[in-house]
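These notes concern the structure reproduced below.
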Amino acid sequence: MGEDWTIKYLAQTWEEVGGCWGLYQACVKDRLNITLPIFPAVSISDMRFLVNMIKKKQAEAQDWVETSNPVEGDCVAMSSIHNVFNHVGYYMKGGYVLHSTRKCNTGVSKLSHLNLLGYKEYKIYKHEKFNRDS
Numbered sequence: 001m002g003e004d005w006t007i008k009y010l011a012q013t014w015e016e017v018g019g020c021w022g023l024y025q026a027c028v029k030d031r032l033n034i035t036l037p038i039f040p041a042v043s044i045s046d047m048r049f050l051v052n053m054i055k056k057k058q059a060e061a062q063d064w065v066e067t068s069n070p071v072e073g074d075c076v077a078m079s080s081i082h083n084v085f086n087h088v089g090y091y092m093k094g095g096y097v098l099h100s101t102r103k104c105n106t107g108v109s110k111l112s113h114l115n116l117l118g119y120k121e122y123k124i125y126k127h128e129k130f131n132r133d134s
């Protein structure tokens with residue numbers, strides 16, 4: 001792997017990086033100089049609200065597109081419950097993902113090993129702001 005830029009993130013807890021989305025935002029800002037929107041923390045009891053908010057955002061603008069050819073900076077959406085994506089990470093070269101959880105804090109995982117961490121499936125998305133070749 002050998003990605004020295006990850007060291008500053010690996011030393012931080014889930015709270016310090018602002019959760020999984022906070023970590024993803026920080027990486028995109030640092031590596032790609034792109035600012036993404038802040039989403040407030042949503043509890044599991046607010047899941048219906050969150051799902052409706054996401055559907056509304058998708059109807060307003062198709063700014064995230066699923067990709068089968070990921071490049072650094074793409075968003076890895078992970079699901080611990082079938083078809084309920086509740087975790088994100090930053091795609092890194094070589095098929096790795098930098099992500100942060102309450103239980104394990106910040107770490108790097110191989111995409112092919114996400115199932116060992118309890119994720120049933122994952123999808124990779126790129127944002128229209130990225131303007132990169134896939």
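Counted the way our numbering counts, the sequence shown spans residues 1 to 134. Glycine included, each C-beta is placed from N, C-alpha and C at the ideal position.
{"query": "Proximity to Glu3 [Cα-Cα], best of Cys104, Ser112, Tyr96", "result": "Tyr96"}
{"query": "Contact under 9 Å by Cβ, Tyr90 with Leu23", "result": "yes"}
{"query": "Residue from Pro70, His113, Gly118, Cys104 with nearest C-alpha to Met92", "result": "Pro70"}
{"query": "Beta-carbon separation (whole angstroms), Thr35 vs Leu98, contact threshold 8 Å", "result": "Actually they are not in contact, since the Cβ atoms of Thr35 and Leu98 sit about 18 Å apart, beyond 8 Å."}
{"query": "Three-state secondary structure assigned by DSSP to Ser141", "result": "Not covered by the structure: residue 141. The range shown for the chain is 1 to 134."}
{"query": "Under the three-state DSSP convention, the category Tyr125 falls into", "result": "strand"}
{"query": "CB contact flag (Asp30, His127, <9 Å)", "result": "no"}
{"query": "Cβ shell of Gly18 (< 8 Å), same chain only, five flanking positions each side left out", "result": "Gln25, Ala26"}
{"query": "Simplified DSSP assignment, three categories, for Lys110", "result": "strand"}
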